[in-house]
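Notes follow the structure.
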Amino acid sequence: MSKGKLLFVYGTLKRACSNHHYLGDQEFVGAARTAPGFCLYALDGFPGMVAKPDDRDGVVGEIWSVDAAALVRLDGLEGLTEGMYRREIVPLLAPYANRKIEGYIYARSIQGRREVGSAWNE
Ligand code: PCA
21 MSKGKLLFVY GTLKRACSNH HYLGDQEFVG AARTAPGFCL YALDGFPGMV AKPDDRDGVV
81 GEIWSVDAAA LVRLDGLEGL TEGMYRREIV PLLAPYANRK IEGYIYARSI QGRREVGSAW
141 NE
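Every number in my numbering is 20 more than the matching position in the sequence shown, counting from 1.
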């Protein structure tokens, strides 16, 4: 039984990462990777995914099925109303291609931040 909306997570919300308890009672669907054109930057103990036109590898993460209440908590955590992240459709590779699944795109400047490539493992 699906909880609701599918969400792509790539950072602290992943299993074994620091904010994963926000997804604790939600449903894991599977591992996923974005289409090429995205990369991660290290922010203050968490990553930000941004578009990078010449990227070839994409970003790895997980698909979770989340209910409406959890999504409200996650949007609060990710600072959507403060303009920290935007929740947007992220193009993913198979088996999630063309599924209109959203993830959190970093919405502030990455100037001076360290690029960490495809995977967040901190
Ligand atoms: N949390 C969200 C966005 C970045 C972060 O650390 C995630 O895991 O997808």
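Every residue, glycine too, gets a C-beta built ideally from N, C-alpha and C. As the structure is a prediction and not an experimental result, all values here were calculated from the model.
Here DSSP, grouped into helix, strand and coil, assigns L60 to strand.
Selection Q131, V86, C37, N141 evaluated against E122 yields V86 as nearest (Cα-Cα). Where R128 is concerned, there is no enclosing alpha helix (DSSP H), because DSSP gives it neither an H nor an E. DSSP places G44 in the coil class of the three-state scheme, outside both helix and strand. By the neighbour-count criterion, in which 16 or more other beta carbons inside 10 Å mark a residue as buried, G68 falls on the buried side.
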